[in-house]
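Trainee: If you scroll down you'll find the structure; I have some questions about it.
Number of protein chains: 2
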Amino acid sequence: MLTNTLPRYEILDEAALQELERGWRRIVSDLGIEFLHDDALAYLRDAGQQVDGQLVRFDPDWILEQAAKAPPEFTLQARNPERTVQIGGDNMVFSAVYGCPFVREGLERRTATYADFKNLVRLAQAFPELDSPGGTICEPDDVPLDSRHLDMVYALLTLSDKPFMGSVTSAENAKDSIAMAEMVFGADSIEETPAMISLINVNSPLRYDDRMLGALIEYAKRNQATIVTPFLLMGAMSPVSVPATLAQQVAEALAGVALVQTIRPGAPVVFGSFLSNTDMQSGSPSFGTPESAVGLLCTGQIARHYNLPFRSGGALTSSQVVDAQAGYESMMTMWPTFLAGTNFVMHAAGWLESALVSCYEKFVTDVELLRMLYHVFEPLQINEETLAYSAHQEVGQGGHFLGAVHTLERFRDCFYRPLVSSTENYERWSRNGGNDTAARASGIWHKTLAEYEEPAMEDDLKSELKAYVDRRRTELGD
Amino acid sequence: MLTNTLPRYEILDEAALQELERGWRRIVSDLGIEFLHDDALAYLRDAGQQVDGQLVRFDPDWILEQAAKAPPEFTLQARNPERTVQIGGDNMVFSAVYGCPFVREGLERRTATYADFKNLVRLAQAFPELDSPGGTICEPDDVPLDSRHLDMVYALLTLSDKPFMGSVTSAENAKDSIAMAEMVFGADSIEETPAMISLINVNSPLRYDDRMLGALIEYAKRNQATIVTPFLLMGAMSPVSVPATLAQQVAEALAGVALVQTIRPGAPVVFGSFLSNTDMQSGSPSFGTPESAVGLLCTGQIARHYNLPFRSGGALTSSQVVDAQAGYESMMTMWPTFLAGTNFVMHAAGWLESALVSCYEKFVTDVELLRMLYHVFEPLQINEETLAYSAHQEVGQGGHFLGAVHTLERFRDCFYRPLVSSTENYERWSRNGGNDTAARASGIWHKTLAEYEEPAMEDDLKSELKAYVDRRRTELGD
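As you go down the protein sequences, you meet chains A and B in turn.
For what it's worth, the numbering used here labels the leading residue of the first sequence as 1, then goes sequentially.
For what it's worth, the numbering used here labels the leading residue of the second sequence as 1, then goes sequentially.
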């Protein structure tokens, strides 16, 4: 977790914020949002909102009153208390890639398996720059669909002791996630301090589907954190305009936040953003774009305006391989992620090919980006000691600082030390195989996995979790 | 040229600026700076500074008085008036890579030739994102050393009509650059509005060498712009501390700025920064580092503090090839370059391998970064039109915006269109050859060169320039 005390980079003025306010208000009050779940409709109807079939038209002021009940900052507990994090304020929490059906390992691109899922969770556990493995770090295709969520939660709970994300594919799956977390943390403990943060995507435009709502309701009831995220690829799920998309994002996100607060006032909930654009030539989604960078900076400012923690960012790219595009597009999103002080960052490592692929090598290069940016966003201490006048006195004019006392005392940790980047001169680099970044990253993740140590868990607890998985799998007919 | 009206990202508070002020003042007054050129020493002695051999101890207040005479903003004229630029204020001007002895073309790395020099100037002319080819876009090894500057200036003046950088390798070479510019622009014209901006590196720490001083004096006398740049790789030319290096940078740069103003009050001069660090494991220079990003943000703030235009940034990397590292390191410098509102950006395209290599493919990927960042730093217009409420009304809940009237009216130019980045799906990308970014960039620069059109120049003028080159080459004995 990074506490980012550097300034936020804000590009909207007061007039712009007021225009956006006007924009989202008429969307929720005049157009309304569909909720494809009876309980959700009942909550909203009981709270006085205008429900017409599955369409809900809101009083925007009521939405803001509800949103004001959400905590601006909350604790998300980890199995290992040292890895417990704070969501909100100046804190930035980073989790791995989420939701990819494929993996890439070196030159091979294949359907993701449960073995991949476990390996990627192990990598997320091993790298300290990641605060959480996230949840669906890849979609393991070789375990049965209906009970897959159990396998995933089991791996997340046993192979990592960092906070994790629960299943959101149905109310039942959310209940399973909660039940398993209760075994590990205790029911009272998670009731008091959430142990899960789960991703509720809006089926944009202006629709919440039944599965996500089912999960949202279960998590809200049990005080588990949710990230309510409009899923916005401009040109597909929103207009081809950043301002219009921001207005829609506020409308959709705040409506979900208000629903959570209606179910359980004070329940932790995060203003989510997943905002990029369609490539209008190919119709393909496009990531690491200038528009998404601008959207991200604005989203941070908007979420702070409503005093809510927010989620955005990640090492996003459309590139098919770990090449220059993968590098610069990831940075195109990660720089504004840090500049905006994003509270919860999904997809911070491993994302490739517009999130179709969880990539082992990309995981490593993304960890390098995190390490570098952690370093940039550390406040600079300017004082007599760091001015190092004695070094100038020692070296004088035309000299060299390599042998200075000041240097010798500090050379080990005076600068950022890269993980995968190379500064080798050409001759040495060539002698060592002439490996590009992706090839070097391959060596690093293999070594990291080989050195991985599974965090301790009592045998009884592990058996109990395993028995739950087995029992539920049978009940689910897999 | 970009007029960057977005906010500057500033990370130093008033106390930090005051500490730095204290830092550079004692360097110039107590330690002093060496000037290895008699005329420079005479100028400074006559202005009342304390000269002891080649060492000059300064009155810091005198330095600030001189620096205050430099214009905060000035015009740099181009052969084509449409390409004339403003240096300073909110303006950002981008020039190509400078000073590399090698080139890389695809898989081949070789000593740079004059043919490469001309090709790279043509690329800089062809891409509108570059405001200037710069100067020594590579070091052409196949033309004679003593007269090489003539060949370079000839190519810069004939193959491009954008502003250029003059030779700085000696006073004589600077005079040749001025003489050739006079043929093209007229002596009175360049006297009134500079037609060259030339790079004066400090031989850091705390020393100006005779060749650079010779060139600085010639350019200052003739009102041609210079960029006075401390050359600072922390651990080699400065202490292993960003604050100490910033203090040294101010000391060295302002001393040079003061010298320029002593020679000719009001002459255009730019506060230069070239600040990165040594890799303390290998002893190699390291570029695209977190420390250099922090240094860049601070430099912008400091230069504004002294009301001087400043130079920094570029698409810097230590990578040996156009891979992920080349992509993310270039962004690690280009994001702060834009955030700081850098007025003159050298090395904005083509830099590879710690500036040992001018790379054709990197040139193209760097132009992509420039295009993307231009787009990010365009102010967002939030108003009734961009809120596009009619699109929301048309599409409603659960629909798709691809076919909306609002989309159809705007799909051609609603989003950034990439130059080299690919959003192709995996199958299509594979069918098309499975080319990575570098391979696609190769196709783009070949096509750009093939379509290049030499900007018009009168035959007489071209002959006159050629005759000057031939005559001077003979005089120089090459």
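Note that beta-carbon positions come from the ideal geometry of N, C-alpha and C, so glycine has one too.
As the structure is a prediction and not an experimental result, all values here were calculated from the model.
Under a CB-based cut-off of 9 Å, is B:Thr386 close to chain A?
Mentor: In the second sequence, the residue the question calls residue 386 of chain B occupies position 386. Yes, its Cβ sits closer than 9 Å to a Cβ of chain A.
Trainee: Answer with buried or exposed for B:Gln261, where buried requires no fewer than 16 other C-beta atoms within 10 angstroms of its C-beta.
Mentor: Here the question's residue 261 of chain B lines up with position 261 in the second sequence. Buried: at least 16 other Cβ atoms inside 10 Å.
Trainee: Residues of chain B with CB closer than 7 Å to the CB of A:Gly272, please, in chain order.
Mentor: The residue given as residue 272 of chain A occupies position 272 in the first sequence. Residues of chain B passing the Cβ test: none, with the nearest at roughly 19 Å.
Trainee: What would DSSP say about B:Ile382, mapped onto helix, strand or coil?
Mentor: Translated into the one-based positions of the second sequence, residue 382 of chain B becomes position 382. The answer is coil: DSSP assigns B:Ile382 none of H, G, I, E or B.
Trainee: Under 8 Å by Cβ, that's how I've got A:Asn173 and A:His149 pegged, so tell me the actual separation to the nearest angstrom.
Mentor: Translated into the one-based positions of the first sequence, residue 173 of chain A becomes position 173. Translated into the one-based positions of the first sequence, residue 149 of chain A becomes position 149. Between A:His149 and A:Asn173 the Cβ distance is about 4 Å, and since that is below 8 Å, they are a contact.
Trainee: Mind listing the chain B neighbours of A:Leu369? Cutoff is C-beta to C-beta under 8 Å, in chain order.
Mentor: Here the question's residue 369 of chain A lines up with position 369 in the first sequence. The contacting residues are Tyr328.
Trainee: Of the residues that make up the stretch 441–456 of chain B, which ones have a beta carbon closer than 7 Å to any beta carbon in chain A?
Mentor: Listed by position, the residues of the stretch 441–456 of chain B near chain A (Cβ gap below 7 Å) amount to none.
Trainee: For the stretch 269–284 of chain B and the stretch 233–249 of chain B, state whether three or more C-beta atom pairs, one from each stretch, are separated by less than 8 Å.
Mentor: Enough Cβ pairs lie closer than 8 Å, so yes.
Trainee: Taking C-beta pairs closer than 9 Å, name the residues in chain B that A:Met165 reaches, listed in chain order.
Mentor: Looking up residue 165 of chain A in the first sequence gives position 165. Those within 9 Å of A:Met165 in chain B number zero; the least Cβ separation is about 25 Å.
Trainee: Do you know whose CA, among A:His406, A:Pro133 and A:Val202, lies nearest A:Glu385's CA?
Mentor: Start at 1 with the first residue of the first sequence, and residue 385 of chain A comes out as number 385. That would be A:His406, whose Cα lies nearest to the Cα of A:Glu385.
Trainee: Suppose the cutoff is 8 Å on Cβ atoms and the five residues either side in sequence are ignored; what does the same chain contact list for B:Gly477 look like?
Mentor: What you label residue 477 of chain B is simply residue 477 of the second sequence in a count that begins at 1. Cβ neighbours of B:Gly477 beyond the five flanking positions: Asp146.
Trainee: CA-CA distance, A:Asp413 and A:Leu232?
Mentor: On the first sequence, position 413 is the one that residue 413 of chain A refers to. On the first sequence, position 232 is the one that residue 232 of chain A refers to. Cα-Cα distance, rounded: 42 Å.
Trainee: How many angstroms separate the CA atom of B:Ser421 from the CA atom of B:Pro336?
Mentor: As a working mapping, residue 421 of chain B is identified with position 421 in the second sequence. As a working mapping, residue 336 of chain B is identified with position 336 in the second sequence. Rounded to the nearest angstrom, the two C-alpha atoms are 22 Å apart.
Trainee: Can you list, in chain order, the residues of its chain whose CB lies under 7 Å from that of B:Phe377, leaving out five sequence neighbours each side?
Mentor: Residue numbering aside, residue 377 of chain B sits at position 377 when the second sequence is read from its first letter. Only Leu2, Asn4, Leu6 and Phe338 meet the Cβ criterion.
Trainee: Rounded C-beta distance between B:Val168 and B:Met212? I'm assuming under 8 Å.
Mentor: Along the second sequence, read from residue 1 onward, the residue named residue 168 of chain B stands at position 168. Along the second sequence, read from residue 1 onward, the residue named residue 212 of chain B stands at position 212. Rounded, the Cβ-Cβ distance is 6 Å, consistent with contact.
Trainee: Below 8 Å on the Cβ atoms is my contact criterion, and I expect A:Met346 with A:Gly295 to pass it. Report the Cβ-Cβ distance as a whole number of Å.
Mentor: As a first step, residue 346 of chain A is located in the first sequence; it is residue number 346 there, counting from the start. As a first step, residue 295 of chain A is located in the first sequence; it is residue number 295 there, counting from the start. With 8 Å as the limit, A:Met346 and A:Gly295 do not qualify as a contact, their Cβ atoms being about 15 Å apart.
Trainee: When you compare the stretch 352–359 of chain B with the stretch 445–458 of chain A, are there three or more beta-carbon pairs, one atom per stretch, that lie closer than 8 Å?
Mentor: Not touching, per the Cβ criterion.
Trainee: Check distances from the C-beta atoms of the stretch 25–38 of chain A to those of chain B and list, in chain order, the residues that come in under 8 Å.
Mentor: Cβ contacts with chain B come from Arg26, Ile27, Leu31, Gly32, Ile33 and Glu34.
Trainee: Please give the ranges of any beta strand (DSSP E) in the stretch 46–87 of chain B, keeping only runs that are unbroken, at least 3 residues long and fully inside the region.
Mentor: Listed in chain order, the complete beta strand (DSSP E) runs (minimum 3 residues) inside the stretch 46–87 of chain B are 50–52, 55–57 and 73–76.
Trainee: Starting from the beta carbon of B:Gly399, find every residue of chain A whose beta carbon is closer than 8 Å, and list them in chain order.
Mentor: Here residue 399 of chain B is taken as the residue at index 399 of the second sequence, counted from 1. Those are Pro205, listed as they occur along chain A.
Trainee: Go ahead and pull the three-state DSSP assignment for A:Asp116.
Mentor: The residue given as residue 116 of chain A occupies position 116 in the first sequence. Here A:Asp116 sits in helix by DSSP.
Trainee: With distance defined between alpha-carbon atoms, name the residue in B:Cys298, B:Phe164, B:Glu182 and B:Leu17 nearest to B:Leu76.
Mentor: To locate residue 76 of chain B, count along the second sequence from 1; it is residue 76. Ranking B:Cys298, B:Phe164, B:Glu182 and B:Leu17 by Cα distance to B:Leu76 puts B:Phe164 first.
Trainee: Kindly indicate the opening and closing residues of the alpha helix (DSSP H) around A:Pro336.
Mentor: Position 336 of the first sequence, counting from 1, holds the residue named residue 336 of chain A. Start and end: Ala324 to Leu339.
Trainee: Can you find at least 3 beta carbon pairs, one from the stretch 7–23 of chain A and one from the stretch 193–204 of chain A, that sit closer than 8 Å?
Mentor: Short answer: they don't touch.
Trainee: Counting Cβ pairs closer than 8 Å, one from the stretch 248–260 of chain B and one from the stretch 178–189 of chain B, do we hit at least three?
Mentor: Too few Cβ pairs lie closer than 8 Å, so no.
Trainee: Going by C-alpha distance, which of B:Lys362, B:Tyr328, B:Glu361 and B:Met372 is nearest A:Val367?
Mentor: Residue mapping note: residue 367 of chain A aligns to position 367 of the first sequence, counting from 1. The shortest C-alpha separation from A:Val367 is found at B:Tyr328.
Trainee: At 8 Å on the CB atoms, spell out the chain B contacts of A:Ala63, in chain order.
Mentor: For the purposes of this step, residue 63 of chain A is taken as the residue at position 63 of the first sequence. Contrary to the premise, residue 63 of chain A reads as Ile rather than Ala in this sequence. Going along chain B, no residue has its Cβ under 8 Å from A:Ile63, so there is no contact; the nearest lies around 17 Å.
Trainee: Which bits of chain B does A:Ile11 rub up against, with CB to CB less than 8 Å?
Mentor: Along the first sequence, one-based indexing puts residue 11 of chain A at 11. What A:Ile11 touches in chain B: Leu6, Pro7, Pro379 and Leu380.
Trainee: For B:Gly106, would you say it is in contact with chain A, using Cβ-to-Cβ distances shorter than 9 Å as the test?
Mentor: If you number the second sequence from 1, residue 106 of chain B lands on position 106. Chain A, which has no Cβ nearer than 9 Å to the Cβ of B:Gly106, makes this no.
Trainee: Using three-state DSSP, classify A:Asn203 as helix, strand or coil.
Mentor: What you label residue 203 of chain A is simply residue 203 of the first sequence in a count that begins at 1. If DSSP states are grouped into helix, strand and coil, A:Asn203 belongs with coil.
Trainee: Closer than 9 Å, CB to CB, is B:Asn425 near chain A or not?
Mentor: On the second sequence, residue 425 of chain B is found 425 positions in, with the first residue counted as 1. It does: the Cβ of B:Asn425 has a partner Cβ on chain A nearer than 9 Å.
Trainee: Are the Cβ atoms of A:Tyr306 and A:Leu64 separated by less than 9 Å?
Mentor: Against the first sequence, residue 306 of chain A aligns to sequence position 306. Against the first sequence, residue 64 of chain A aligns to sequence position 64. Yes, Cβ-Cβ distance for A:Tyr306 and A:Leu64 is below 9 Å.
Trainee: Taking Cβ-Cβ distances below 9 Å as the criterion, which residues of the stretch 331–344 of chain A are in contact with chain B?
Mentor: Cβ contacts with chain B: Met331, Met332, Met334, Trp335, Pro336 and Leu339.
Trainee: Only counting runs of 3 or more residues, tell me where the beta strand (DSSP E) segments fall wholly within the stretch 157–221 of chain B, in order along the chain.
Mentor: Entirely contained in the stretch 157–221 of chain B, the beta strand (DSSP E) runs reaching 3 residues are, in chain order, 197–202.
Trainee: Would a check of beta-carbon distances place A:His347 closer than 9 Å to chain B?
Mentor: As a first step, residue 347 of chain A is located in the first sequence; it is residue number 347 there, counting from the start. Output row for A:His347: interface = no.
Trainee: Would you mind reading off the limits of the alpha helix (DSSP H) that contains B:Ala391?
Mentor: What you label residue 391 of chain B is simply residue 391 of the second sequence in a count that begins at 1. Counting along the chain, the alpha helix (DSSP H) containing B:Ala391 begins and ends at Tyr389 to Val395.
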